[in-house]
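S.K.: Protein chains in written order, with the working numbering: chain A, 1 to 344; chain B, 345 to 1099. One structure, pasted below without further comment.
Laid out in structure tokens, this is it:
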């Protein structure tokens, strides 16, 4: 090979490489809507960039806000994939046809509950983590007010807890709606609503956001907060005097989900992300940011601080029924009329 | 906006006093806009370039033949998008007007025809044809399936539309409207156009949602069902249950309006009419709460007065009063809002209090009124426009406030948060949000009209071109003692709150581990020096730079639009002036959450497709904050005697020159207020922003909310503290740049004794 030839070859090679890198920088990008906590979202975005070389544009909003945005943008979608947040808005989006069907090759590595979530939404969403409902209390405030330590749902009805319990408003929070639906499934509809009425007497505030009650408890602004247990664990790990309770009667749970947005501009990249996010390696990232949910990949690690779902009595939560918008509307209206209007 | 400030250096003489030498000047403006129209049509990409307004990849990406980047003329030359072809007619029409004299009726007729045709056709095709072909069923029924589609308007279309608009206004001016004043007619036309596009259109789109049933049909009964809701109008609080959000909001807003106006007046009096020594400190202090990001005051109040707050614990230990959650609800929201909005009242009032001419007060005293009588019968009534404006702003701000009720509201529901949760909540109910927004709008507009009725048609002019000497008299002693006490007490409270904020940003974990640390600042703003230069490794840098850039772009534009609108409102009379004023104030009366959602609904689809860009943030800020510029401008301009303009006009200046050389320099306080306010609000606004931020354009406030939601108060407060210092620096810089206006020969009491 002459020198000149070699030069031409190198030149051609570098041109091809340049062309490839240019086209890569033009084509490979992903707009990522994230509804988990900020640092987890950041970590997912950056790690996926490292793993795939695809540029990620991440926006973090709560699952309700993201649902509103996806719906508003439905005629001209801007996002590609929506990861995290409680399952109901994902199911709702699937019901409204805002998300795309996709069957990932990673499915066989997942727990059954993650797949059944997908099946109940015609494969328009899938489970990525789960967490059980419970409550947490501020040990300092319990001691300061000489209160007994609660361990069951029914304990919270005791008159001495008046003004000490906080939960979110089911109208605005998925967590609180899960609470309402869990009580209805745990105790039956009539007794479940009786329970909510009894609880209403002890509630000091219905917050807007789902995890606010336990955060207030952490700061000492509230005593008992009804939340998902992993949220309570996160507060305890952050250093706040919080004790986590798995109620003795059994409890409901959520399935954090992921969906691909219908009409995504970067469909191929969205599917790549989808597959990657279901892998054990991606789900292990949760531990780095103190997210104590249970991952959906059977091979992913769980933290020893995380509530162990196998030791908690879980009810057989009917996501299909209680995630449908008709049942939701009916329960919320009943709660609005029968519970929230009562004097406290 | 563009037309308002740049119809050329010399937009032409007024028709009445047309001088022969200036006739060519008028044609220069005409030629400019004709050229602009042709350039927009033939040279610039007609549709929105997807990579953003400032990326110029299209220049070598197939321009001018590629369908995505082609100008309109190239598109129709290739036989595509043929519905753009009719635009050639209105583009060609004004060429016929070029040779004609302005007084020729054909001149006006040609321009009006061209402008109206072009503008109208642009709108019609924009709405008629969208990304899925025809947008309406009846169009499809009439013409069949289109088989083509179009995206949002780009440079070409925008410039074309602007050109048609100003051709139209020149035509109207040539027919003799507003004395044939091209500048004024263009300014009115421009402001009306942008207010319609960016205020009325999205709001109308949103409010229409109040009448849409679940299956997408329109129905009035849906509206009534949502309107007569107990959660909205319930009066339960009279007997121990809860009141509806509408009553809560109304009561809160009235209380906040009164309290902020009273406190703002106290501060203004202390600063202008007392011998108090530390006026500068006081002045600086009153600026603090406006430059504070939302949530922070609320958080500081919780850290002070919450169930485990420092003051609560202290009082509990000292007097044995058991801690309660009294802060959560009306008291907390009220305190936080008064803290936050008093400075706005102060900023409005200080200009007015300073502007009251001392000669009036001297005249009263010469007529043997004592100090108290002078103050009550002369000074105070002359401040009425300021008082009314301050109350109105406090009322509206409180109605629209979103951050404080969110943090401190407890079970005290107000309209703004209810709207937010109707949209983002588990019950996605746009209709309810729209109904709530209507109630809110009704309240704010009623306040607006009440204010106008109270001011009446009296004259509050005190700054004239005539001799204006003298110094403001001091307040009467009986007044100055309570005013000083109040102002100082409130100032001390503000200092306490801010000390708390500063402290909160350097504590490890509030209430649990109180050791001092800088780790929150490091997490947010760490910087690494490497061989390749500085690396911004902190978590907050991205949103920080975005915020600064967007605020810096939005502020001057806001001030400009606001002041031009104020000028038109105070100095010109034209048909539909009231509707015009209503339009400029409307965006302020509507809470940000509604604006945010309506912007997404309106601007996510062609013809204007700007969601996910930085432009939508800038635009939302301009129209959210413009009303403050308008109010400040009106308050100041109603004090400037019209004889100043008239003498300038008599001496041969046109209205643009008068505006620039006479009015503008006298308006420096108003300009400063508008600039400062819009810059600061762009950095601290949250309610609209939360819907409009995107992955690429994240704002500081939405980042902070994320931290607050995560109970990460340390980082949130540290970031907010940094923002406060950045804004302080910016406000100082603006003050230096714009400079202080000197009215008359007044001096400061503190430095010199009156001669």
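We put the CB at the ideal spot given by N, CA and C, even for glycine.
1. At a CB-CB cut-off below 8 Å, which residues of chain B make contact with residue 179 of chain A?
2. Just the Cα atoms here: how many angstroms apart are residue 266 of chain A and residue 1011 of chain B?
3. Going by beta carbon distance, what residues of the same chain come within less than 7 Å of residue 335 of chain A, once the five residues before and after it are set aside?
4. Starting from the beta carbon of residue 1038 of chain B, find every residue of chain A whose beta carbon is closer than 9 Å, and list them in chain order.
5. List, from N- to C-terminal side, the beta strand (DSSP E) runs of 3 residues or more that fit wholly inside the stretch 143 to 173 of chain A.
6. At a Cβ cut of 8 Å, what residues of the stretch 219 to 243 of chain A count as close to chain B, listed as they run along the chain?
7. Does DSSP classify residue 298 of chain A as helix, strand or coil?
8. Fully enclosed by the stretch 20 to 72 of chain A, which alpha helix (DSSP H) runs are 4 residues long or longer?
9. What residues in the stretch 188 to 209 of chain A bring their beta carbon closer than 8 Å to a beta carbon of chain B?
10. Using Cβ-Cβ distances below 8 Å, what residues of the stretch 72 to 105 of chain A are close to chain B?
11. Determine the chain A residues that contact residue 672 of chain B at a beta-carbon separation under 7 Å, and present them in chain order.
12. In whole angstroms, what separates the C-alpha of residue 763 of chain B from that of residue 1032 of chain B?
13. What would DSSP say about residue 669 of chain B, mapped onto helix, strand or coil?
14. Check whether the Cβ atoms of residue 667 of chain B and residue 979 of chain B sit closer than 8 Å, and answer yes or no.
15. Contact between the stretch 70 to 77 of chain A and the stretch 44 to 52 of chain A is defined here as three or more beta-carbon pairs at a separation below 8 Å; is this criterion met?
16. For the alpha helix (DSSP H) that residue 842 of chain B lies in, which residues bound it at each end?
17. Hey, how far is the Cα of residue 972 of chain B from the Cα of residue 957 of chain B?
18. Against residue 269 of chain A, what residues of chain B qualify as contacts under a CB-to-CB distance less than 7 Å, listed in chain order?
19. Is residue 197 of chain A helix, strand or coil by DSSP?
20. If you follow the beta strand (DSSP E) that residue 132 of chain A is in, where does it begin and where does it stop?
21. Suppose you measure from the CA of residue 217 of chain A to the CA of residue 225 of chain A; what does that come to, to the nearest Å?
22. For the stretch 479 to 493 of chain B and the stretch 513 to 530 of chain B, state whether three or more C-beta atom pairs, one from each stretch, are separated by less than 8 Å.
23. DSSP on residue 490 of chain B, reduced to helix/strand/coil?
24. What does residue 110 of chain A pair with, by DSSP beta-bridge criteria?
25. Nearest to residue 371 of chain B by CA position, among B/685, B/431, B/390, B/447, is which residue?
26. Short of 6 Å in beta carbon distance, which residues of its chain neighbour residue 24 of chain A, apart from the five on each side in sequence? Order them along the chain.
27. What do you get for residue 637 of chain B, buried or exposed, if any count of 16 or more other CB atoms within 10 angstroms of its CB means buried?
28. State buried or exposed for residue 274 of chain A, treating a residue as buried only when at least 16 other CB atoms are found within 10 Å of its CB.
29. Kindly indicate which residue of B/611, B/1021, B/1055, B/595 has the alpha-carbon position closest to the one of residue 830 of chain B.
30. Assess contact between the stretch 729 to 741 of chain B and the stretch 565 to 585 of chain B, defined as three or more Cβ pairs (one per stretch) separated by less than 8 Å. Is contact present?
31. Might you give, ordered along the chain, the residues of its own chain that have their beta carbon closer than 8 Å to the beta carbon of residue 457 of chain B, omitting 5 neighbours on each side?
32. Secondary structure at residue 337 of chain A, three-state DSSP: helix, strand or coil?
33. Note down the Cα distance separating residue 432 of chain B from residue 417 of chain B, rounded to an integer number of angstroms.
34. Can you grab the Cα-Cα spacing for the pair residue 286 of chain A / residue 296 of chain A, in whole Å?
35. Using 10 angstroms around the beta-carbon of residue 233 of chain A, count the other beta-carbons present and answer buried if the total reaches 16, otherwise exposed.
36. Could you tell me whether the Cβ atoms of residue 213 of chain A and residue 183 of chain A are closer together than 8 Å?
M.R.: Result, derived from the coordinates:
1. By Cβ distance, chain B contributes nothing, its closest Cβ being about 12 Å from residue 179 of chain A, past 8 Å.
2. Residue 266 of chain A and residue 1011 of chain B have their C-alpha atoms some 51 Å from each other.
3. Closer than 7 Å at Cβ, skipping near neighbours: 170, 180, 196.
4. Correct list: 31, 57, 59, 78.
5. Along the length of the stretch 143 to 173 of chain A, whole beta strand (DSSP E) runs at least 3 residues long occupy 165 to 168, reported in chain order.
6. Closer than 8 Å at the C-beta level to chain B, one finds these residues of the stretch 219 to 243 of chain A: 219, 220, 221, 222, 235, 238, 239, 240, 241.
7. Shown here, residue 298 of chain A sits in coil according to DSSP, grouped into three states, outside any helix or strand.
8. Whole alpha helix (DSSP H) segments, 4+ residues: 38 to 52, 63 to 72.
9. Hits within the stretch, in order: 204, 205, 206, 208, 209.
10. Within the stretch 72 to 105 of chain A, the qualifying residues are 72, 73, 75, 76, 78, 88, 89, 92.
11. Near residue 672 of chain B (Cβ distances below 7 Å), the residues of chain A are 205.
12. Answer to the nearest angstrom: the Cα atoms are 12 Å apart.
13. The three-state reading of DSSP puts residue 669 of chain B in coil, since its state is none of H, G, I, E or B.
14. With a cutoff of 8 Å on beta-carbon distance, residue 667 of chain B and residue 979 of chain B are scored as not near each other.
15. No, the stretch 70 to 77 of chain A does not touch the stretch 44 to 52 of chain A.
16. For residue 842 of chain B, the enclosing alpha helix (DSSP H) has its first and last residue at 821 to 848.
17. Residue 972 of chain B and residue 957 of chain B: Cα-Cα distance of roughly 25 Å.
18. Neighbours of residue 269 of chain A on chain B: none; closest Cβ ~14 Å, over 7 Å.
19. Of the three classes helix, strand and coil, the one that applies to residue 197 of chain A here is helix, per DSSP.
20. Judged by DSSP secondary structure, residue 132 of chain A falls within the beta strand (DSSP E) whose first and last residues are 126 to 138.
21. In a straight line, the C-alpha of residue 217 of chain A is about 6 Å away from that of residue 225 of chain A.
22. A contact between stretches requires three or more CB pairs, one per stretch, nearer than 8 Å, and the stretch 479 to 493 of chain B fails this requirement with the stretch 513 to 530 of chain B.
23. It is coil, neither helix nor strand.
24. Residue pairing for residue 110 of chain A: DSSP places it in a beta bridge opposite A/297.
25. It is B/447 whose Cα lies nearest to the Cα of residue 371 of chain B.
26. Bear in mind that a pLDDT of 38 at residue 24 of chain A, under 50, signals an unreliable position, so the number given afterwards is only what the model happens to contain. So no residue of the chain qualifies.
27. If you draw a 10 Å sphere on the C-beta of residue 637 of chain B, you find 16 or more other C-beta atoms in it, and that means buried.
28. Flag for residue 274 of chain A reads buried.
29. Nearest of B/611, B/1021, B/1055, B/595 to residue 830 of chain B, Cα basis: B/611.
30. Flag = no, the stretch 729 to 741 of chain B and the stretch 565 to 585 of chain B do not touch.
31. The answer, listed in chain order, is 434, 437, 515.
32. If DSSP states are grouped into helix, strand and coil, residue 337 of chain A belongs with the helices.
33. Each residue's Cα considered, the two are about 9 Å apart.
34. Roughly 12 Å between the two C-alpha positions.
35. Per the 10 Å Cβ criterion, buried.
36. Going by C-beta atoms, residue 213 of chain A is not nearer than 8 Å to residue 183 of chain A.
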